[in-house]
Structures are given as structure tokens and as C-alpha cells.
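A short worksheet on the structure shown next.
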Amino acid sequence: MLPKLRVTPRGSNEFNNRALQAVIEFWRQNLGIENVEFQQDPNSFGDDYDKINLSRDDVVIRFPDAATYMWAAGHSAGPVPSSSMLNGYKNEALEAAIDEALTLPPDDPRRCELALEAQDHYEGDYVIMHFGKPLRSANAREHVKEYYSGPDVSVIEPWKIYIERM
23 MLPKLRVTPR
33 GSNEFNNRAL
43 QAVIEFWRQN
53 LGIENVEFQQ
63 DPNSFGDDYD
73 KINLSRDDVV
83 IRFPDAATYM
93 WAAGHSAGPV
103 PSSSMLNGYK
113 NEALEAAIDE
123 ALTLPPDDPR
133 RCELALEAQD
143 HYEGDYVIMH
153 FGKPLRSANA
163 REHVKEYYSG
173 PDVSVIEPWK
183 IYIERM
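What follows is the structure, encoded as C-alpha cells:
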């Protein structure tokens with residue numbers, strides 16, 4: 023029998039809550055897993071906070087830059103591994119790939135290849151699975167050129183941005 027699984031959407035967002043409840047129901051119906059504790063607020067777990075098994079969190083970047091995403095999600099200096107979420111996770115091979123990828127311009131194919139290599143290392147450790155959706159209101163439109171955002175959603179080299187058409 024599995025130990026209790028602790029899950030949290032980290033807030034009261036209706037869609038995050040329903041998605042997580044659907045996952046729990048899938049576990050119950052298809053895997054027979056019924057020992058699940060659901061709390062909207064992760065602090066509600068009290069002393070068991072460090073035992074959370076599934077949590078919705080934000081790696082605080084926007085798509086499509088895979089290298090920046092993997093830095094935020096998997097590099098020990100990133101916000102997720104350095105927080106209580108992953109308690110100091112570190113993988114040397116992942117970090118080498120990301121460190122090299124971040125030295126390359128966003129349009130260099132090698133940057134994406136290295137990010138995928140880092141992702142393989144991350145998933146190989148079975149650490150945590152991140153998923154997301156682009157937020158149209160937060161992303162530049164296709165006619166805005168040379169727009170790149172960093173791990174904190176700040177704009178990288180804003181002086182290079184230009185608008186191709188009005």
C-alpha cells in the first residue's frame with residue numbers, strides 16, 4: 023500500500039483545482055489509489071509540508087525559450103530547485119547543458135538541443151513534472167522582434183526590441 027499522497031494546487035484558482043481533482047479521480051478509478059490528501063493551501067499540511075508529492079507551481083517564465091525554462095525549473099540556482107519545492111536539487115550534467123545553452127542566442131538550434139538534453143537529465147531523476155500554457159497577454163506578438171524574457175519574466179536586452187509593423 024502506498025503512503026498518503028499529499029497534493030496541492032497552491033491556491034484557489036478554479037481551473038487548477040479542477041485539474042488536480044481530475045488527476046486524483048484518475049488515480050482512484052484506474053490505479054486504485056485512494057489515500058490522497060488534497061489541500062488548496064500547501065501550508066495547510068502543517069508539519070507534513072515537506073512531504074507534498076504533487077504541487078502546482080510556476081517556474082515564472084513564459085514559453086517558448088526552453089533553456090530559460092529549464093534553468094528556472096532544474097538549475098540549482100533557479101527559483102524552483104533553490105526553494106522548498108525541490109529542497110536544493112542539483113544535477114551536474116543538467117547544469118552543464120543549461121549553462122552552455124544560456125550562452126547561445128535564442129535562435130541558435132544548439133540552445134534548444136542543450137535544453138532538451140537538460141530536460142532528459144531532469145526527467146531521468148524523476149524529480150517533478152512541469153507543464154504549462156502560454157499566456158497570450160504576457161507574450162509579445164509575432165511582429166515584435168528581438169523580444170526575449172528571462173526567468174523572472176523580465177525582458178532581456180530590451181534595447182534590441184523593435185516592432186516590425188504597427
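Each residue of the sequence shown is one higher than the last, beginning at 23 in my numbering.
By construction, the Cβ of each residue, glycine as well, lies at the ideal position given by its N, Cα and C atoms.
Boundaries (first-last residue) of the beta strand (DSSP E) holding residue 27: In the DSSP assignment, residue 27 falls within the unbroken beta strand (DSSP E) covering 27 to 30.
Where do the N-terminal and C-terminal ends of the alpha helix (DSSP H) with residue 37 fall, by residue? Unbroken alpha helix (DSSP H) run through residue 37: 36 to 48.
Compute the distance between the beta-carbons of residue 144 and residue 107, then report whether it is under 8 Å. Taking 8 Å as the Cβ cut-off, residue 144 and residue 107 do not qualify as a contacting pair.
Beta-carbon spacing of residue 192, residue 56 below 8 Å: The structure shown has nothing for residue 192, since the chain only spans 23 to 188.
Grab me the residues of residue 74's own chain with a C-beta within less than 7 Å of its C-beta, minus the 5 sequence neighbours each way, in chain order. For residue 74, where only same-chain residues beyond five positions count, the Cβ hits under 7 Å are 28, 30, 64 and 67.
Given this structure, state the Cα-to-Cα distance separating residue 48 from residue 130, to the nearest angstrom. In this structure, the alpha-carbon of residue 48 lies about 40 Å from that of residue 130.
Provide the residue(s) that pair with residue 136 in DSSP beta bridges, ordered along the chain. DSSP, once it has assigned bridges, lists no residue as partnering residue 136.
Candidates 97, 90, 110 and 52: closest to residue 72 by CA position: Taking only the C-alpha atoms, the option nearest residue 72 is 110.
What is the DSSP secondary structure of residue 120, counted as helix, strand or coil? In the displayed model, residue 120 falls within a helix according to three-state DSSP.
If you draw a straight line from the C-alpha of residue 123 to the C-alpha of residue 70, how long is it? Cα to Cα, the separation comes out at about 37 Å.
Report buried or exposed for residue 185, applying the criterion of at least 16 other Cβ atoms within 10 angstroms of its Cβ. By the neighbour-count definition (other C-beta atoms within 10 Å, threshold 16), residue 185 is an exposed residue.
Integer-rounded CB distance, given that residue 39 should sit under 8 Å from residue 62: Rounded, the Cβ-Cβ distance is 7 Å, consistent with contact.
In whole angstroms, what separates the C-alpha of residue 115 from that of residue 89? Roughly 14 Å separates the two Cα atoms.
Between the Cα of residue 26 and those of 128, 46 and 35, spot the shortest distance and give me the residue it belongs to. Measuring from the Cα of residue 26, the nearest candidate turns out to be 46.
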